[in-house]
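Chemist:
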Amino acid sequence: MSKSYQAIVIGAGPAGSSAALTMAQAGLDVALVERGSYPGEKNMFGGILHRMTSIEELLPDFLTAAPLERHISKKGTTFMTDDASFNVQHEASNFDRAPYNGYTVFRPRFDRWLAEQAVKAGATLVTRSTVEDLVLKDGKIAGVTIQGRSGQLNAPLVIAADGVLSFTAQKAGLRRPKFNADQMAVGVKALIDMPREMIDDRFGLVKDQGFANEFVGCTGGVRGGGFLYTNYDSLSIGLVFHLASLRTSGKTPYDLLNAFMEQPQVAKMVRGGRLLEYSAHVIPEGGYDMIPELFGDGILVAGDAAALCNATGVNLEGINLASHSGILAGQTVIEAYQKQDFSKKTLKHYKTRLDLSWVMKDLKGFRNAPKMLHINRIYNEYPEMVCSMMEHLYRIDGTPKTSITKLILREVKEKVGLKNAISDALTAWRAL
Ligand SMILES: Cc1cc2nc3c(=O)[nH]c(=O)nc-3n(C[C@H](O)[C@H](O)[C@H](O)COP(=O)(O)OP(=O)(O)OC[C@H]3O[C@@H](n4cnc5c(N)ncnc54)[C@H](O)[C@@H]3O)c2cc1C
């Protein structure tokens with residue numbers, strides 16, 4: 130096997146398929162190489178596809194044609210301890226109309242569909258093919274080799290969209306060989322089968338409305354959080370942990386996930402459901418300071434491979450950043466062909482495009498979020514404080530009430546300490 134293309138995209142996740150779609154629509158001969166037997170086969174995530182306006186521009190029928198599940202009309206956060214919880218929720222009935230607030234999706238269906246759109250536009254999808262190495266000729270990128278196959282795929286331009294552990298970016302010398310555990314997280318998820326009517330009744334949903342809830346204080350003291358998202362007839366429920374904190378704790382993600390699902394507040398939500406599958410994946414959570422070199426001669430890096438993931442503590446955004454960066458990488462390859470220059474001189478415009486886009490603006494804006502998320506007290510003391518405070522506020526038991534300011538001060542002093550609270554508030558202020 131030895132075929133030539135104008136560009137090769139490694140990985141048919143959202144970043145890779147968006148890049149391939151962009152280039153194919155412009156008439157370039159593109160190979161989209163995926164290790165799975167189909168795109169999405171090996172991919173998992175929590176479950177919310179945030180709005181992707183740039184894909185909507187490339188695919189005008191996106192909202193009606195893509196395999197989307199429920200649109201998120203209700204979002205909540207739960208602060209919890211072992212035996213108490215406090216929820217805040219926001220609901221808006223027009224979230225199903227633009228600007229909608231995201232949809233739940235299944236990666237095996239969504240990734241497959243997006244790659245199919247690239248193929249319809251003219252890209253060649255090469256599945257069951259793990260890229261093993263980059264091929265260099267006279268010091269320039271000339272293609273890739275595929276594991277276990279003789280021959281190679283040739284192209285003077287490669288887009289590395291092979292996900293968070295991108296070995297291609299490492300091979301090209303664009304990122305360091307070792308990861309910093311402080312910048313990585315791991316997510317575990319259980320998919321729970323549940324009848325659609327049960328989900329509608331339990332979470333107060335009608336038609337295609339969906340519910341997304343985040344949980345704080347549910348990770349056994351490990352830095353991290355929980356999530357529960359509604360699909361049409363299943364729930365995605367899981368936990369995300371900072372890798373360094375998980376390692377120090379000596380706990381296992383699956384034990385923590387099982388304990389989470391057995392906590393009374395959560396058990397009520399999943400009751401009557403049937404466990405379909407477990408999955409796990411790594412997340413680049415270091416934000417702006419984790420981003421590697423984004424381009425080299427003949428190569429661009431997009432999506433998780435470039436650590437373009439924004440975990441702010443309020444939302445976890447990855448697919449939308451991956452897709453937009455893929456589109457910008459594709460546009461840069463198109464420009465390189467127009468100029469017939471595949472060197473850094475032209476490819477550096479990918480970084481300029483990214484810098485000017487909301488992707489880099491958001492990552493820069495939330496640059497300090499990882500620092501805030503490393504405050505251990507967020508995952509134990511603060512949820513305890515919130516739950517205890519609300520319990521005192523709501524309890525009426527024939528004794529004189531404490532004023533709200535006194536109550537807050539007492540809880541802060543008891544649970545966190547005044548000095549810590551001021552320092553944490555300042556860190557949060559800088560982060561958000
Ligand atoms: C638990 C969890 C929850 C998340 N929740 C959300 C969420 O709710 N919303 C959100 O927007 N984001 C979320 N994310 C982040 C999101 O999943 C990623 O940011 C996104 O998938 C990145 O897309 P990508 O295309 O860059 O990489 P990936 O989706 O990882 O795709 C990479 C592709 O490359 C292929 N590949 C890898 N190596 C090779 C190789 N050598 N040769 C050929 N193919 C290869 C893989 O099989 C895969 O198809 C979550 C992530 C996790 C783990």
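Following our numbering, the numbering of the sequence shown begins with 130 at its first residue and continues without gaps.
Every residue, glycine too, gets a C-beta built ideally from N, C-alpha and C.
Note that the structure is a prediction, hence the values are computed from the model and not measured.
1) For ligand 1, I want to know if Arg238 counts as a neighbour, meaning its beta carbon is within less than 7 Å of at least one of the ligand's heavy atoms.
2) Classify Ala247 as helix, strand or coil using the three-state DSSP reduction.
3) Could you give the first and the last residue of the continuous alpha helix (DSSP H) run that contains Asp553?
4) Suppose the cutoff is 6 Å on Cβ atoms and the five residues either side in sequence are ignored; what does the same chain contact list for Arg164 look like?
5) Does the beta-carbon of Ala113 have 16 or more other beta-carbons within 10 angstroms, so that it is buried, or is it exposed?
6) Can you name the residues that DSSP bridges to Ile270?
7) Please state whether DSSP places Gly302 in a helix, a strand or coil.
8) Consider the C-beta atom of Leu386 and the heavy atoms of ligand 1; say whether any pair is separated by less than 7 Å.
9) For Leu502, which residues in the same chain have their Cβ closer than 6 Å to its Cβ, ignoring the five residues on either side in sequence?
10) Please go through the stretch 333-404 and give each complete beta strand (DSSP E) segment of 3 or more residues, from N-terminal end onward.
11) Smallest Cα separation from Gly339: which of Thr210, Ala465, Glu198 and Pro393?
12) For ligand 1, any of its heavy atoms closer than 7 Å to the Cβ of Pro168?
13) What number of angstroms, rounded off, separates the C-alpha of Ser374 from the C-alpha of His410?
14) Looking at ligand 1, does it come within less than 7 Å of Ser532, judged from the CB to the closest heavy atom?
15) Beta carbon of Lys171: closer than 7 Å to some heavy atom of ligand 1?
16) What does a CB cutoff of less than 8 Å around His478 pick up in its chain, not counting 5 residues either side in sequence?
17) Nearest by alpha-carbon distance to Gly268: which of Gly427, Gln469 and Ser532 is it?
18) Evaluate the contact criterion for the stretch 188-204 versus the stretch 271-281: three or more CB pairs, one atom per stretch, below 8 Å.
19) Return yes when at least one heavy atom of ligand 1 lies under 7 Å from the C-beta of His410, else no.
20) Would the C-beta of Ser374 count as close to ligand 1, meaning under 7 Å from any of its heavy atoms?
21) Is it right to say Leu561 is buried, meaning 16 or more other beta carbons lie within 10 angstroms of its own, or is it exposed?
22) With a CB to CB cut of under 8 Å and the five nearest residues on each side skipped, what residues in its chain are close to Phe495?
23) Going by alpha carbons, who is nearest to Asp491 out of Glu510, Glu446 and Ser532?
24) Give a yes or no on contact between the stretch 171-191 and the stretch 237-250, applying the rule of three or more CB pairs nearer than 8 Å.
25) Find out if the Cβ-Cβ distance for the pair Lys380, Val351 is shorter than 8 Å.
Modeler: This is what the structure gives:
1) Residue numbering aside, residue 238 sits at position 109 when the sequence shown is read from its first letter. Result no, Cβ not under 7 Å from ligand 1.
2) Counted from its first residue, the sequence shown places residue 247 at position 118. In the structure shown, Ala247 sits in a helix (DSSP, three-state: H, G or I).
3) Numbered from 1 along the sequence shown, position 424 holds the residue referred to as residue 553. It spans Leu547 to Ala560 - the alpha helix (DSSP H) in which Asp553 sits, taken as one unbroken run.
4) On the sequence shown, residue 164 is found 35 positions in, with the first residue counted as 1. If we look at Arg164 and ignore the five residues flanking it on each side, its Cβ neighbours are Thr259.
5) Since the first residue shown for the chain is 130 and the last is 561, residue 113 is missing from the structure and cannot be characterised.
6) To locate residue 270, count along the sequence shown from 1; it is residue 141. DSSP lists Leu265 as partners of Ile270.
7) Taking the sequence shown and counting its residues from 1, the one referred to as residue 302 is at position 173. It is coil, neither helix nor strand.
8) Residue numbering aside, residue 386 sits at position 257 when the sequence shown is read from its first letter. Checking the Cβ of Leu386 against ligand 1 gives no.
9) Residue mapping note: residue 502 aligns to position 373 of the sequence shown, counting from 1. So the qualifying residues of the chain are Gly442.
10) 338-345, 353-359 and 363-371
11) Your numbering for residue 339 matches position 210 in the sequence shown. Out of Thr210, Ala465, Glu198 and Pro393, Glu198 has the C-alpha closest to the C-alpha of Gly339.
12) Start at 1 with the first residue of the sequence shown, and residue 168 comes out as number 39. Checking the Cβ of Pro168 against ligand 1 gives yes.
13) Counting from 1 along the sequence shown, the entry for residue 374 is found at position 245. Counting from 1 along the sequence shown, the entry for residue 410 is found at position 281. Answer to the nearest angstrom: the Cα atoms are 16 Å apart.
14) Within the sequence shown, numbered from 1, the residue matching residue 532 stands at position 403. Incorrect: Ser532 has no Cβ contact closer than 7 Å to ligand 1.
15) Numbered from 1 along the sequence shown, position 42 holds the residue referred to as residue 171. Yes - ligand 1 has a heavy atom lying nearer than 7 Å to the Cβ of Lys171.
16) As a first step, residue 478 must be located in the sequence shown, where it is residue number 349. The answer, listed in chain order, is Thr461 and Glu464.
17) Taking the sequence shown and counting its residues from 1, one reaches residue 268 at position 139. Measuring from the Cα of Gly268, the nearest candidate turns out to be Gly427.
18) no
19) Working through the sequence shown from its first residue, we reach residue 410 at position 281. Checking every heavy atom of ligand 1 against the Cβ of His410, one is found closer than 7 Å.
20) Within the sequence shown, numbered from 1, the residue matching residue 374 stands at position 245. No, the Cβ of Ser374 stays beyond 7 Å of every heavy atom of ligand 1.
21) Reading the sequence shown from its first residue, position 432 is the one you call residue 561. It counts as exposed.
22) Locating residue 495 in the sequence shown gives position 366, counting from the first residue. Hits under 8 Å: Gly416, Tyr417, Asn439, Thr441, Ala560 and Leu561.
23) For this step, residue 491 is matched to residue 362 along the sequence shown. Among Glu510, Glu446 and Ser532, the Cα nearest to that of Asp491 is on Glu446.
24) yes
25) Locating residue 380 in the sequence shown gives position 251, where the first residue counts as 1. Locating residue 351 in the sequence shown gives position 222, where the first residue counts as 1. Yes, the pair counts as a contact, with Cβ atoms nearer than the cut-off.
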